[in-house]
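Okay, so here's the structure we're looking at.
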Amino acid sequence: MNIDIGTLPTPCYVVDERLLLRNLEILHSVQQRTGCSILLALKGFSMYSVFPLVGKYLKGVTASSLFEAKLGYEEMGKEVHIYAPAYGEEDFDQILNNCDHIIFNSFGQWNKFKAKVINLKTKKISCGIRINPEYSEIETPIYDPCFQFSRLGVTLSNFRPAELEGIEGLHFHTMCEQNSDTLERTIQVVDKKFGSFIKSMKWLNFGGGHHITRADYDIETLVRSIMFFQDKYGVDIYLEPGEAVALNTGFLVAKVLDIVDNGMKIAILDTSAACHMPDVLEMPYRPNIIDAGKPGEYPDTYRLGGPTCLAGDIIGDYSFRQPLKVGDRLVFCDMAHYTMVKNNMFNGVNLPTIALYNAEEGIKIIRQFGYEDFKSRLS
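Each residue of the sequence shown is one higher than the one before, counting from 1 in UniProt numbering.
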């Protein structure tokens, strides 16, 4: 990252537009080769200041709520798809106004809102049902939508063919940060269980979790999987990655506030795992830091912790070539996705500044937060 981090306020998310463009070009090439449509999943990355760029390469967005749908409609202005486990009556009229495709989690929800969709005079909305093929290779239970008693999607035993009138597509989402070999195995299960229904559909949505822009991702198998359904059933294929759009495009710059010792050296930072990178605790995982190594790899090892009262607000253990000092800046890698969309102000800890870098303009501060942002969320 050839950015002068000393000029940035901390903590600060920095998205490198050059890296984002690289990902978008990869995704666009898949669209060109297959004729599929790729949508940005806003649940993973909703930095709308880059939506004009994203919209040049992708077909639109997919939302998980009314607010995400409105953001995609207002800021990108292309296709807006939505899926949620259930829709409330108080939101549904606005969902109709902002969305082109609505995916229902159950036949009960479809039947509840079917008349509103069909009787809409202002535009045509394509509706789908989320299916649960009861097949997943996700190892982290909290992210597995096919685990026993899952609330997400309709299983084959609960599928109601007699109630498909008006349904134009099926949707499945069974992957998380996985390669295309998983997809290839998954679609065989989907085809075996639901193929007789797919043949009467206009589209099939493969959901998200496809790590398409990862260095070791097998794009040829992805292309083959897309073409399999297109050739067999003549359906349009949608994919809705979130992480793959922003993968390895962002950084989080933080500062050392203090160093203490309690059996090992502990550096307290102005960034928090609990507040600013919650997946570190939820997944859990240990993010990489530029010029840092695993514990013991370099001479000086530290545990890095956040400024909140949570005892477990620990980012991880790292080693450095030189001892850390108060005021030193650390750069965490791959911090664009599932950070800005999930962060919080627990303990009143401020949110990181959001910045964008490109070769023409250099670094540009997009948004800074303050006390009023904290206060306005409370009452």
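Idealized CB from N, CA, C, for every residue including glycine.
These numbers were taken from a predicted model, which means no experiment stands behind them.
Reference residue i; option with closest CA among the options
| i | options | result |
| --- | --- | --- |
| residue 382 | Pro-278, Leu-239, Leu-351 | This structure leaves residue 382 out entirely; the chain is present only between 1 and 379. |
| Gly-60 | Ala-246, Ala-292, Leu-42, Ile-26 | Leu-42 |
| Met-264 | Tyr-83, Cys-176, Arg-303 | Arg-303 |
| His-173 | Pro-295, His-211, Pro-145 | Pro-145 |
| Thr-34 | Asp-270, Ser-225, Gln-188 | Ser-225 |
Pairwise C-alpha distance: residue j and residue i
| i | j | result |
| --- | --- | --- |
| Asn-2 | Val-14 | 12 Å |
| Ile-315 | Tyr-143 | 21 Å |
| Arg-321 | Gly-207 | 43 Å |
| Ile-365 | Gln-109 | 43 Å |
| Glu-240 | Ser-37 | 9 Å |
| Tyr-218 | Asp-181 | The sequence shown places Asp at residue 218, not Tyr. The straight-line gap from Cα to Cα measures roughly 8 Å. |
| Gly-293 | Leu-27 | 31 Å |
| Cys-176 | Ala-244 | 11 Å |
| Thr-339 | Gly-242 | 12 Å |
| Lys-255 | His-337 | 21 Å |
| Ile-259 | Arg-329 | 13 Å |
| Tyr-135 | Asn-205 | 16 Å |
| Ile-5 | Leu-324 | 16 Å |
| Phe-113 | Ile-363 | 46 Å |
Beta-carbon spacing of residue i, residue j below 7 Å
| i | j | result |
| --- | --- | --- |
| Met-335 | Gly-209 | no |
| Phe-229 | Val-235 | yes |
| Pro-133 | Asn-105 | no |
| Leu-252 | Ile-268 | no |
| Tyr-327 | Ser-272 | Strictly speaking, residue 327 in this sequence is Gly, with Tyr absent from that position. No, Cβ-Cβ distance for Gly-327 and Ser-272 is not below 7 Å. |
| Cys-127 | Ile-167 | yes |
| Asn-248 | Cys-309 | no |
| Cys-275 | Asn-344 | yes |
| Cys-12 | Pro-352 | yes |
| Ile-131 | Phe-67 | no |
| Ile-266 | Val-331 | no |
Residue i - DSSP class collapsed to helix/strand/coil
| i | result |
| --- | --- |
| Gln-178 | strand |
| Leu-247 | coil |
| Arg-151 | coil |
| Asn-2 | coil |
| Leu-351 | coil |
| His-211 | coil |
| Phe-104 | strand |
| Lys-255 | strand |
| Gly-195 | helix |
Any non-hydrogen atom of the ligand SAH within 6 Å of residue i CB
| i | result |
| --- | --- |
| Lys-192 | Although the ligand SAH was asked about, the structure shown includes no ligands whatsoever. |
Runs of beta strand (DSSP E) lying entirely within the stretch 36-81, each at least 3 residues, in chain order: List check, beta strand (DSSP E) in window: 37-41, 60-63.
Completely contained beta strand (DSSP E) runs for the stretch 272-347, where each covers 3 or more residues: Counting whole runs of 3 or more residues, the stretch 272-347 contains the beta strand (DSSP E) stretches 300-305, 314-320, 329-333.
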